[in-house]
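In my numbering, the protein residues as written are 2 to 273.
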Ligand SMILES: Cc1cc2nc3c(=O)[nH]c(=O)nc-3n(C[C@H](O)[C@H](O)[C@H](O)COP(=O)(O)OP(=O)(O)OC[C@H]3O[C@@H](n4cnc5c(N)ncnc54)[C@H](O)[C@@H]3O)c2cc1C
Ligand code: FES
């Protein structure tokens with residue numbers, strides 16, 4: 002089942018903020034009232050957000066943001082790292098404020114109904130992008146095992162990731178060295194050798210992407226990666242978001258993350 006086809010028509014809409022709240026020390030979540038958009042948004046797709054605070058201050062260009070929560074009867078949700086001007090303006094929004102969004106955009110993740118289990122490897126706020134996959138997989142009877150990597154325990158957003166999906170989560174941290182690449186590799190090898198997933202998914206770290214790509218090749222496991230790139234239009238017109246990707250013949254080609262991505266085959270994507 003393709004859970005992430007490009008969803009047209011793409012709408013520019015002004016949506017009411019239902020909830021705006023900090024998550025831990027560095028993150029923030031926004032829930033928006035958009036029943037129709039939420040119902041046709043798919044895990045792995047994104048929206049282009051006009052980041053203006055309640056007073057109308059913020060950068061000119063929209064900022065791309067993955068769908069963190071979506072689905073019939075659900076608010077449309079975003080979970081983000083408050084990083085610069087745009088995300089600070091977003092974090093300044095309050096319930097009842099309006100936010101201009103364009104989307105849903107891009108191609109999301111694909112889940113095969115024949116799969117029995119998947120493994121998700123996420124680092125930092127990359128878990129926001131992968132979070133809706135847990136609910137989609139659970140809805141198809143696919144078990145989810147996740148390995149979440151964060152700087153510190155206080156940065157981990159396990160509840161924001163798994164929701165009520167029942168995903169089995171293991172966490173590793175920089176602060177105690179458990180997120181070290183060699184230790185994560187040992188964990189993954191142990192899992193792949195015992196309960197081999199049908200597919201693996203990742204987002205948020207070049208280092209973990211390369212590790213997963215290498216292990217997925219070795220163990221013959223399919224995979225997908227959600228890439229990030231700074232964007233201009235978000236609609237496929239300006240080509241400022243191109244990344245190098247291998248095509249079916251292995252030739253390196255430039256593809257637009259906003260239009261051909263942001264989700265790519267794990268083996269097709271190249272390191273950044
Ligand atoms: C498809 C897609 C989905 C995304 N989903 C999420 C998400 O769910 N949650 C989240 O926290 N972030 C997400 N991002 C990243 C997010 O778009 C940027 O963090 C945001 O644009 C920063 O805007 P700003 O104005 O706050 O920071 P700026 O002032 O523009 O930049 C602050 C710093 O962040 C860097 N930066 C800006 N944009 C990006 C980017 N796209 N990738 C890497 N570094 C960047 C800048 O180089 C600079 O160093 C996503 C990006 C893409 C392309
Ligand atoms: S952001 Fe303009 S083509 Fe991708």
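Virtual Cβ for every residue (Gly too), placed ideally from N, Cα, C. Computed from a prediction, not measured in an experiment: that's the story for all the values here.
Inset, instruction - Please name the residue or residues paired with residue 255 in a DSSP beta bridge. - result: Within the chain shown, numbered from 1, the residue matching residue 255 stands at position 254. Answer is 245.
Legend entry - Near ligand 1: residue 82 beta-carbon under 7 Å from a heavy atom: For the purposes of this step, residue 82 is taken as the residue at position 81 of the chain shown. Yes - ligand 1 has a heavy atom lying nearer than 7 Å to the Cβ of residue 82.
Legend entry - Status (buried if at least 16 other CB within 10 Å, exposed otherwise) for residue 257: Residue 257 sits at position 256 when you count from the first residue of the chain shown. Result: buried.
Inset, instruction - Starting from the N-terminal side, write out each stretch of the alpha helix (DSSP H) that is 4 residues or longer and does not extend beyond the stretch 150-183. - result: 159-163
Inset, instruction - Using the Cα positions of residue 159 and residue 123, report the straight-line distance between them to the nearest angstrom. - result: The residue you call residue 159 lines up with position 158 of the chain shown. The residue you call residue 123 lines up with position 122 of the chain shown. So the two alpha carbons sit approximately 11 Å from each other.
Legend entry - For residue 219, the first and last residue of its enclosing alpha helix (DSSP H): Mapped onto the chain shown, residue 219 falls at position 218. DSSP places residue 219 in the uninterrupted alpha helix (DSSP H) bounded by 207-220.
Legend entry - Burial state of residue 221 (16 or more Cβ within 10 Å): Counted from its first residue, the chain shown places residue 221 at position 220. Exposed, because fewer than 16 other Cβ atoms sit within 10 Å of the Cβ of residue 221.
Inset, instruction - For ligand 2, enumerate in chain order all residues having a CB closer than 7 Å to any of its heavy atoms. - result: Every residue whose beta carbon comes nearer than 7 Å to a heavy atom of ligand 2 appears here in chain order: 232, 233, 234, 235, 236, 237, 238, 239, 240, 241, 242, 257, 258, 259, 260.
Inset, instruction - Report the residue from 195, 194, 103, 187 whose alpha carbon sits nearest the alpha carbon of residue 235. - result: Residue 235 sits at position 234 when you count from the first residue of the chain shown. Checking every option, the nearest Cα to that of residue 235 belongs to 103.
Legend entry - Same chain only: Cβ atoms within 6 Å of residue 32, ignoring 5 sequence neighbours per side: For the purposes of this step, residue 32 is taken as residue 31 along the chain shown, with counting starting at 1. For residue 32, where only same-chain residues beyond five positions count, the Cβ hits under 6 Å are 19, 20, 76, 78.
Inset, instruction - Check whether the Cβ atoms of residue 109 and residue 45 sit closer than 8 Å, and answer yes or no. - result: As a working note, residue 109 is residue 108 in the chain shown. As a working note, residue 45 is residue 44 in the chain shown. Contact flag set, yes.
Inset, instruction - With hydrogens ignored, establish whether the beta-carbon of residue 203 is closer than 7 Å to any heavy atom of ligand 1. - result: Counting from 1 along the chain shown, the entry for residue 203 is found at position 202. No, ligand 1 has no heavy atom inside 7 Å of this Cβ.
Legend entry - Bounding residues of the alpha helix (DSSP H) (the contiguous stretch that carries residue 136): Counting from one through the chain shown, the residue named residue 136 turns up at place 135. Taken as a continuous stretch (DSSP letters only), the alpha helix (DSSP H) holding residue 136 covers 127-140.
Inset, instruction - With a threshold of 7 Å, establish whether the CB of residue 89 neighbours any heavy atom of ligand 1. - result: What you label residue 89 is simply residue 88 of the chain shown in a count that begins at 1. Flag set: Cβ of residue 89 near ligand 1.
Legend entry - Exposure of residue 127, with buried meaning 16 or more beta-carbon neighbours within 10 Å: As a working mapping, residue 127 is identified with position 126 in the chain shown. That one is buried.
Legend entry - Residue span of the alpha helix (DSSP H) that contains residue 105, given as start and end: By one-based count along the chain shown, residue 105 stands at place 104. That residue, residue 105, is in no alpha helix (DSSP H); its beta strand (DSSP E) goes 99-106.
Inset, instruction - Please find out if some non-hydrogen atom of ligand 1 comes closer than 7 Å to the beta-carbon of residue 265. - result: Looking up residue 265 in the chain shown gives position 264. No, ligand 1 has no heavy atom inside 7 Å of this Cβ.
Legend entry - Selection from 148, 179, 219 that minimises the alpha carbon distance to residue 171: For this step, residue 171 is matched to residue 170 along the chain shown. Here the closest residue by C-alpha is 148.
Inset, instruction - Confirm, please, whether the CB-CB distance from residue 143 to residue 184 is below 8 Å. - result: Here residue 184 corresponds to residue number 183 of the chain shown, with the count starting at 1. Here residue 143 corresponds to residue number 142 of the chain shown, with the count starting at 1. Cβ distance not < 8 Å, so residue 184 and residue 143 don't count as in contact.
Inset, instruction - Along the beta strand (DSSP E) that carries residue 17, what are the first and last residues, could you check? - result: What you label residue 17 is simply residue 16 of the chain shown in a count that begins at 1. Note, residue 17: beta strand (DSSP E), 12-24.
Inset, instruction - Could you tell me the distance, in whole angstroms, from the CA atom of residue 40 to the CA atom of residue 105? - result: Start at 1 with the first residue of the chain shown, and residue 40 comes out as number 39. Start at 1 with the first residue of the chain shown, and residue 105 comes out as number 104. Approximately 10 Å between the Cα atoms of the pair.
Legend entry - Exposed unless 16 or more other CB atoms sit within 10 angstroms - verdict on residue 61: Position 60 of the chain shown, counting from 1, holds the residue named residue 61. Burial state of residue 61 is exposed, judged by a 10 Å Cβ sphere holding fewer than 16 other Cβ atoms.
Inset, instruction - Identify whether residue 197 lies in helix, strand or coil by the three-state DSSP scheme. - result: What you label residue 197 is simply residue 196 of the chain shown in a count that begins at 1. DSSP places residue 197 in coil when its eight states are reduced to three.
Inset, instruction - Taking 8 Å as the cut-off, decide whether the C-beta atoms of residue 59 and residue 86 are in contact. - result: Position 58 of the chain shown, counted from the start, is the residue given in the question as residue 59. Position 85 of the chain shown, counted from the start, is the residue given in the question as residue 86. It is a contact, given that the beta carbons lie within the stated cut-off.
Inset, instruction - Leaving out five residues on either side along the sequence, give the residues of the same chain with a beta carbon under 7 Å from the beta carbon of residue 182. - result: Mapped onto the chain shown, residue 182 falls at position 181. Here the set comprises 208, 212.
Inset, instruction - Work out the CA separation of residue 239 and residue 161 for me, nearest whole Å. - result: By 1-based counting over the chain shown, the position of residue 161 is 160. By 1-based counting over the chain shown, the position of residue 239 is 238. Distance between the alpha carbons of residue 161 and residue 239 is about 33 Å.
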